[in-house]
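Engineer: Starting off with a structure, shown below.
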Amino acid sequence: MTDAAPALKKSKAAGGWGALRSCGKHLLASGSALAGAKAMLKANQPDGFDCPGCAWGDPEHGSSFEFCENGVKAVAWESTERRATPAFFARHTVSELRGWSDYDLENVGRLTHPMRYDAATDRYVAVDWADAFAEIGAELRKLNSPNEAEFYTSGRASNEAAFLYQLFARSFGTNNFPDCSNMCHEASGVGLIASIGIGKGTVLLEDFHHADAIFVIGQNPATNHPRMLGDLRKASMRGARVAVLNPIRERGLEKFADPQDKIEMLRGGATSIATHYFQPKLGGDMAAIRGVAKIVFARDDLEKAAGRPSLLDEEFIARHTHGIETWRAEVIATPWGHIEDQSGLTYDEIETLADVYLGAERVIATWAMGVTQHKHSVATVREIANLLFLRGHVGREGAGLCPVRGHSNVQGDRTVGINENAPGWFLDNLDKEFGIASPRTPGHNVLHAIHAMVEGRSKAFIGLGGNFARATPDTPVVEAALRACRLTVQIATKPNLGHMAVGEVAYLLPCLGRTEIERNSKGKVQIVTVEDSMSMVHGSGGINKPASPHLKSEVAIIAGMAAEAVGSQVIDWAAMADDNDLIRDRLSRVIPGFEDYNVRVRKPRGFWLRNSATEREWRTPSGRAEFSAAPLPVEVEHQSARKTEGQFVLQTFRSHDQYNTTVYGLDDRYRGVYGERRVVFINPQDIAAMGAEPNARVDVLGSSEDGRARVAEDFRIVAYDIPRGCVAGYYPELNAVVPFNKAGEGSDTPLSKSTLVTFRQRSGA
Ligand SMILES: Nc1nc2c(c(=O)[nH]1)N[C@H]1C(S)=C(S)[C@@H](COP(=O)(O)OP(=O)(O)OC[C@H]3O[C@@H](n4cnc5c(=O)[nH]c(N)nc54)[C@H](O)[C@@H]3O)O[C@H]1N2
Ligand SMILES: Nc1nc2c(c(=O)[nH]1)N[C@H]1C(S)=C(S)[C@@H](COP(=O)(O)OP(=O)(O)OC[C@H]3O[C@@H](n4cnc5c(=O)[nH]c(N)nc54)[C@H](O)[C@@H]3O)O[C@H]1N2
Ligand SMILES: [Mo]
447 MTDAAPALKK SKAAGGWGAL RSCGKHLLAS GSALAGAKAM LKANQPDGFD CPGCAWGDPE
507 HGSSFEFCEN GVKAVAWEST ERRATPAFFA RHTVSELRGW SDYDLENVGR LTHPMRYDAA
567 TDRYVAVDWA DAFAEIGAEL RKLNSPNEAE FYTSGRASNE AAFLYQLFAR SFGTNNFPDC
627 SNMCHEASGV GLIASIGIGK GTVLLEDFHH ADAIFVIGQN PATNHPRMLG DLRKASMRGA
687 RVAVLNPIRE RGLEKFADPQ DKIEMLRGGA TSIATHYFQP KLGGDMAAIR GVAKIVFARD
747 DLEKAAGRPS LLDEEFIARH THGIETWRAE VIATPWGHIE DQSGLTYDEI ETLADVYLGA
807 ERVIATWAMG VTQHKHSVAT VREIANLLFL RGHVGREGAG LCPVRGHSNV QGDRTVGINE
867 NAPGWFLDNL DKEFGIASPR TPGHNVLHAI HAMVEGRSKA FIGLGGNFAR ATPDTPVVEA
927 ALRACRLTVQ IATKPNLGHM AVGEVAYLLP CLGRTEIERN SKGKVQIVTV EDSMSMVHGS
987 GGINKPASPH LKSEVAIIAG MAAEAVGSQV IDWAAMADDN DLIRDRLSRV IPGFEDYNVR
1047 VRKPRGFWLR NSATEREWRT PSGRAEFSAA PLPVEVEHQS ARKTEGQFVL QTFRSHDQYN
1107 TTVYGLDDRY RGVYGERRVV FINPQDIAAM GAEPNARVDV LGSSEDGRAR VAEDFRIVAY
1167 DIPRGCVAGY YPELNAVVPF NKAGEGSDTP LSKSTLVTFR QRSGA
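The structure is reproduced here in structure tokens:
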């Protein structure tokens, strides 16, 4: 069995002193070192707020705060002393701000007043809340149909805000819920529902303490889920195997110095994380997993032929699963040549992965965007589930499926009803509890919403957080679509470029952030609740003074709009907005699992939402876990790119200094990029084959087969250890070349990790 390649051992560790220095820098740069540091001490503590950074779970005895560099950045960014005041908006026209960078615009600071766009002066101007709600309500009522409105949610919204928001949209009359998760883990939800009957992972944080092998697929935790690295590090120190599949050698997955470990920090030491690191080509994971399964089946045949016990968990397969024979036939029929070409891995590498799999009693598979943002992502997620089924790795300690979520409450938002196609039982319960008649026709996801706006079928856009224009593909198309709307309403903490794509009537409404104290009319402190990747639901209460006295909670803003748009005869919006306990009481009567919500959520770690699959209850049509028998795609993008000279497949990922479209800084420390974001990472041999030089400047051209020119201008070529034919660069800048009319099968997720591009050298470069 091969160990980690020697090159790994030399590289500098992630985390460590660099992370601490970077934290100090961000706290100071936010102009609020004290509030930020105080706030950080309360993040993810039983009596503090949920860190807005990511959705990783919290430890049982979290008495000392869990240090996380990127959590510090998220908190400092929110608790900044900078302000985007009416005076700022008076100085700059919206057309001018449209030319600013993502970084510069958010860096202006926290919004302080509700603002309305004034077309005559091309500026945002402060308004009264009451007038804003009245006009938004009137505009919504004027639509020809409620289905002309889009209700977008970004996954930071609390359970309370999201529940009230979906109630608003459904009592108004639409299921149009485009949601950031449509661009994110949709394939995990769709795939897991089909395979195990629930669209969530089956792993608890504690399971990481017992696993013998952890497969980390298409994920960069050092940047995006830093607290997960602590758990991987502990697993690795116990001798568990950590096998990574990633086209890029992400430094944090190689070595990690835990800033929480004083001795390691003083010694300047670091722990190796990955015991095995393989670099598949983009979109090659399904083929790689299939290869592992092919070896497992072949070895199992040999064992049985020799009269020895099966390598498979035959009891689990017989009692709990359905469809193994069809899948097995499909696996056996898949030729090795196809597996190797598509995965970009050799037989030997895949065999090593099979050794890791077969050598473990308890296996966990984790994954994120490297798996979910391809055309065949649903099939890939299901192939991962298939592999774990073979040895009964679902529904027992130390094993399971673990899609690692993105936004801190994206999973909770879905649980409480942000779903364009919610199950019938949910709508029935909602109608009964509130005396409304929710529409039953499925609504729009993100791509449907874009198409509807482009075609003029949707005329109103409401954004509960997020940055729709920058997070979605084909940026110029989406910006134009928003600007063609009659009404745009953005609920936000800071200004971003998406807010500058204004409809005819446009509002920018400032809300409290998660770190800030919220009190109701009686002075009672409010808490909100969120659900993490491990289905733990817990409370979150801010500690900082609000950034401005004019801010309202998200819940209050939603209630204000709803009261005007649908009236308060049937639903007392104001009462719910004044007491989150009331919202929770009503939610607990709609959604099973939330009984005694208000009591249980005040316990230190909150409570666990029962997950049927972890108890081996399969809510699939057959009542069993379903093996999927999808064939491998005939070809994935890197294979088709080879046919056209100069074509590459591009993945768009995150730098270390950003949170999605929020750019904290211009460095990507672990990848050695400083002071810039317009870079493309390319294999040195590909650079030579293109006749280019490292550091040359190029334009990135997307496909134009639909007659639309797609270009992102002026990027620097960085020679990088990345498989040939595959290139990488940062989102949101590169969304200009990701097409809005191509998407994952069954998930409708944009192909953010497999976009076909060519390069055009810039003259003089
Ligand atoms: N600090 C910080 N934290 C965050 C975020 C943030 O922007 N900043 N975003 C949050 C959100 S919303 C999300 S969804 C998560 C995102 O978390 P990640 O999924 O880690 O995010 P990406 O930066 O897109 O990284 C994708 C990783 O997958 C690899 N990859 C790309 N394509 C493939 C492939 O085809 N196969 C394999 N095996 N690997 C591939 C890339 O090289 C990269 O390492 O993080 C959350 N946490
Ligand atoms: N090319 C490409 N595109 C991608 C991806 C990719 O990997 N590649 N990743 C996709 C993924 S995984 C995701 S999740 C989406 C993210 O899409 P979104 O969730 O829409 O985008 P964010 O950048 O997270 O949103 C940032 C904005 O949220 C607002 N905000 C921050 N905190 C709060 C708050 O507490 N309340 C409110 N109301 N607003 C707040 C701020 O104004 C900030 O500007 O992008 C997707 N787009
Ligand atoms: Mo995400």
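Going letter by letter, the sequence shown gives residues 447 to 1211 in my numbering. Note that CB positions come from ideal geometry on N, CA and C, so glycine has one too. In this text the structure is predicted, and so the values were computed from the model without any measurement.
(1) Among residues of its own chain, excluding the 5 on either side of P693, which ones have a beta-carbon nearer than 7 Å to its beta-carbon?
(2) Rounded to whole angstroms, what is the Cα-Cα separation between T1201 and G841?
(3) Taking 7 Å as the line, does the beta carbon of H497 fall inside it for any heavy atom of ligand 3?
(4) Would the beta-carbon of R916 fall within 8 Å of that of P498?
(5) Is any heavy atom of ligand 2 found at a distance shorter than 7 Å from the C-beta of E552?
(6) Quick check for students: name the residue ranges of the alpha helix (DSSP H) that lie wholly in the region 556-613, counting only runs of 4 or more.
(7) Just to confirm my understanding: we take T1060, look at its own chain, exclude 5 residues before and 5 after, and list those with CB closer than 6 Å. What are they?
(8) Where do the N-terminal and C-terminal ends of the beta strand (DSSP E) with S1149 fall, by residue?
(9) Do D731 and G637 count as a contact pair if the criterion is CB distance below 8 Å?
(10) Taking C-beta to C-beta, are R679 and T717 nearer than 8 Å?
(11) State the DSSP-derived secondary structure class of R1093, mapped to helix, strand or coil.
(12) Would you verify that the beta carbon of G790 is, or is not, closer than 8 Å to some beta carbon of chain C?
(13) Quick one, are the C-beta atoms of V1203 and L1096 less than 8 Å apart?
(14) Tell me, please, whether the region 964-977 touches the region 1009-1016 by the rule of three or more beta-carbon pairs shorter than 8 Å.
(15) Let me know if W1064 comes out buried or exposed under the rule of 16 or more other beta-carbons within 10 Å of its beta-carbon.
(16) Does M683 pass the burial test, meaning 16 or more other C-beta atoms within 10 Å, or should it be called exposed?
(17) Would F609 pass as a contact of V900 if the rule is Cβ separation under 8 Å?
(18) For ligand 2, is there any heavy atom lying closer than 7 Å to the beta carbon of H890?
(19) Let me know the beta strand (DSSP E) ranges lying completely inside the region 875-952, each 3 residues or longer, listed in chain order.
(20) Hey, which residues come within less than 5 Å of ligand 5, measuring from Cβ to any heavy atom, in chain order?
(21) Is the beta carbon of G1214 less than 8 Å from the beta carbon of R1048?
(22) Is any heavy atom in ligand 1 found nearer than 7 Å to the beta carbon of A814?
(23) In the structure shown, what three-state DSSP assignment does R1062 receive?
(24) Looking at ligand 2, does it come within less than 7 Å of F914, judged from the CB to the closest heavy atom?
(25) How do the region 538-555 and the region 1128-1147 stand: do at least 3 beta-carbon pairs fall below 8 Å, yes or no?
(26) Helix, strand or coil, according to DSSP, for T1163 in the structure here?
(27) Hey, out of R1032, D920, A733 and V809, whose CA is closest to R892's CA?
(28) Could you tell me if D574 is buried or exposed, where buried requires 16 or more neighbouring beta carbons within 10 angstroms of its beta carbon?
(29) Out of E1041, C957 and G912, which has the shortest C-alpha to C-alpha gap to G1006?
(30) List in chain order: all unbroken beta strand (DSSP E) runs of 3+ residues lying wholly within the region 694-779.
(31) What would DSSP say about P1196, mapped onto helix, strand or coil?
(32) Judging by CA-CA distance, which residue of R1035, V976 and D859 is the nearest neighbour of D874?
(33) Run the proximity test for N666: is its beta-carbon closer than 7 Å to any non-hydrogen atom belonging to ligand 2?
(34) Looking only at its chain, what residues have a beta carbon closer than 7 Å to the beta carbon of P592, apart from the 5 residues adjacent to it on each side?
(35) Span of the alpha helix (DSSP H) holding P667?
(36) Take T767 and list the residues in its own chain whose beta-carbon comes closer than 8 Å to its own, dropping the five residues that flank it on each side.
Structural biologist: In terms of the structure at hand:
(1) Exclusion of the five residues before and after P693 leaves Q725, P726, K727, L728, I1168, P1169 and C1172 as the residues of its chain whose Cβ lies within less than 7 Å of its Cβ.
(2) Each residue's alpha carbon lies about 36 Å from the other.
(3) Looking at the sequence shown, residue 497 is not His but Cys. In this structure, C497 has its beta carbon at no less than 7 Å from each heavy atom of ligand 3.
(4) No, the Cβ-Cβ distance between R916 and P498 is not below 8 Å.
(5) Result yes, Cβ under 7 Å from ligand 2.
(6) Taking only runs of at least 4 residues, the alpha helix (DSSP H) segments lying wholly in the region 556-613 are 575-588.
(7) Result list for T1060: T648 and G841, in chain order.
(8) Membership of S1149 in any beta strand (DSSP E) is not indicated, and neither H nor E is assigned to it by DSSP.
(9) D731 sits away from G637, with the two beta carbons spaced by 8 Å or more.
(10) Inclusion of R679 and T717 in the CB contact set at 8 Å is warranted, their separation being smaller than that value.
(11) Checking the displayed sequence, the identity of residue 1093 turns out to be Gln instead of Arg. The answer is coil: DSSP assigns Q1093 none of H, G, I, E or B.
(12) Judged by its chain identifiers, the structure shown contains no chain C, having just a single protein chain.
(13) Their beta carbons are under 8 Å apart, which means V1203 touches L1096 by this criterion.
(14) Taking 8 Å as the limit for Cβ pairs, the verdict is that the region 1009-1016 does not touch the region 964-977.
(15) Result: buried.
(16) Taking a 10 Å sphere around the C-beta of M683, we find fewer than 16 other C-beta atoms and assign the residue as exposed.
(17) No, the Cβ-Cβ distance between F609 and V900 is not below 8 Å.
(18) Not under cutoff, so the answer is no.
(19) Within the region 875-952, the complete beta strand (DSSP E) runs of at least 3 residues are 906-910 and 933-938.
(20) Among the ligands modelled here, namely ligand 1, ligand 2 and ligand 3, ligand 5 does not occur.
(21) The displayed coordinates of the chain run from 447 to 1211. Any statement about residue 1214 would go beyond what the structure contains.
(22) Yes, the Cβ of A814 comes within 7 Å of a heavy atom of ligand 1.
(23) Coil, per DSSP.
(24) Yes, ligand 2 has a heavy atom inside 7 Å of this Cβ.
(25) Here the region 538-555 makes no contact with the region 1128-1147; the two share fewer than three CB pairs at distances below 8 Å.
(26) It is worth fixing the name first, because residue 1163 is Ile in this sequence and not Thr. Of the three classes helix, strand and coil, the one that applies to I1163 here is strand, per DSSP.
(27) Before going further, note that residue 892 is Val rather than Arg in the sequence given. Minimum Cα distance to V892 is reached at D920.
(28) Exposed, since its Cβ has fewer than 16 Cβ neighbours within 10 Å.
(29) The shortest Cα separation from G1006 among E1041, C957 and G912 belongs to C957.
(30) Taking only runs of at least 3 residues, the beta strand (DSSP E) segments lying wholly in the region 694-779 are 701-703 and 722-724.
(31) The answer is strand: DSSP assigns P1196 an E or B state.
(32) R1035 is the residue among R1035, V976 and D859 whose C-alpha sits nearest the C-alpha of D874.
(33) Not under cutoff, so the answer is no.
(34) Within the same chain, P592 has close Cβ partners F618, G619 and T620.
(35) Its alpha helix (DSSP H) spans residues P667 to N670.
(36) Leaving aside the five residues that flank T767 on each side, the residues in its chain whose CB is nearer than 8 Å to its CB run, in chain order, F835, R1070, A1071, E1072 and F1073.
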